[in-house]
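Trainee:
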Amino acid sequence: SSFRLGKFYEVVDALTADVSYRHCGDIHGVDTTLVTAGHYHSRKLQRTSLEEDLVVRSYVTSVGTSSMEVRTDAIQQVDGEETLLNVCHTVMVALDKDSGRSFGKAGRSIPDLLLETEDDHDRLELADQHNKIRRKRAEEIMQLRSPISHPPTQEEFEELHKLHQDQRAALDCGDKASLPLRVEDYTF
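In terms of our numbering, the sequence shown opens at residue 276 and continues consecutively.
1. Could you check how far apart the C-beta atoms of R514 and N361 are, in whole angstroms? I think they sit under 8 Å.
2. To the nearest angstrom, how far is the alpha carbon of M367 from that of D373?
3. Could you check what DSSP says for G313 in three-state terms: helix, strand or coil?
4. Any beta carbon from chain C within less than 7 Å of D447's own beta carbon?
5. Measuring straight from C-alpha to C-alpha, what distance separates K411 and L325?
6. State the DSSP-derived secondary structure class of K372, mapped to helix, strand or coil.
7. Who are the near neighbours of V294 in its chain, counting only those whose CB is closer than 7 Å to its CB and skipping five residues on each side?
8. Identify every residue that forms a DSSP beta bridge with A349.
9. At what residues does the alpha helix (DSSP H) containing K380 begin and finish?
10. Between the beta-carbon of V338 and the beta-carbon of L390, is there less than 7 Å?
11. Taking the alpha helix (DSSP H) that L438 falls in, what are its first and last residues?
12. Report the partner residues of K319 according to the DSSP bridge assignment.
13. Here's the rule: buried if 16 or more other CB atoms are within 10 angstroms of the residue's CB, otherwise exposed. What is H436?
14. Can you confirm whether the region 375-382 touches the region 346-358 when touching is taken to mean that 3 or more C-beta pairs between the two stretches lie within less than 8 Å?
15. My output table needs one value for E344: the three-state DSSP class, helix, strand or coil.
16. In three-state DSSP terms, what is T392?
17. Can you give the beta carbon distance from T365 to T311, rounded, assuming they're within the 8 Å contact cut?
18. Note the first and the last residue of the continuous alpha helix (DSSP H) segment covering R297.
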């Protein structure tokens with residue numbers, strides 16, 4: 276017997292969309308279309324027990340003019356306590372249903388996020404860190420469709436290989452301080 280992670284992502288997609296539409300106040304999608312821009316930092320933290328129910332919770336962690344980050348947690352009862360098994364952050368983009376343009380370009384905006392608890396503030400801070408990391412990665416990735424893009428040269432390939440070997444050596448020695456920052460470094 277096994278747990279298919281693909282089924283988990285189907286649930287994440289559906290629940291994330293529902294939470295996003297509810298946040299926008301348009302449960303039936305009359306004036307708004309929400310699209311998934313991407314799932315980021317999906318992590319399997321603990322083993323899933325097939326004997327216990329799996330609870331999936333989603334909530335908005337940050338909003339901009341046209342996009343929002345939604346966090347989804349998969350939780351199970353382990354020894355009488357809730358245990359976080361999986362976490363996934365999803366960026367949703369709101370489009371005006373009539374024009375198909377993003378909210379910002381259509382003169383609309385996503386409703387503000389109400390921060391009511393200390394956890395809400397902590398999650399917003401984490402979402403801000405995620406956004407910075409995503410933006411930094413977007414600047415650094417090779418733009419395959421760009422006219423100035425090209426595959427790595429032999430020297431660049433060798434440098435990449437050396438970087439990979441250095442990172443593996445740092446991990447083997449337990450020296451995580453010398454590794455680059457990752458989204459998982461900002462998740463609780």
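Every residue gets a Cβ at the ideal spot worked out from N, C-alpha and C, and that includes glycine.
Mentor: The structure says:
1. The chain is shown only over 276 to 463; residue 514 falls outside these bounds and no answer can be derived.
2. 18 Å
3. strand
4. The structure shown has no chain C; it contains just one protein chain.
5. 38 Å
6. coil
7. S333, Y334, V335 and V345
8. V331 and N361
9. Unbroken run through K380: none, as it is neither H nor E.
10. no
11. Q429 to C448
12. N361
13. exposed
14. no
15. strand
16. coil
17. 6 Å
18. L280 to C299
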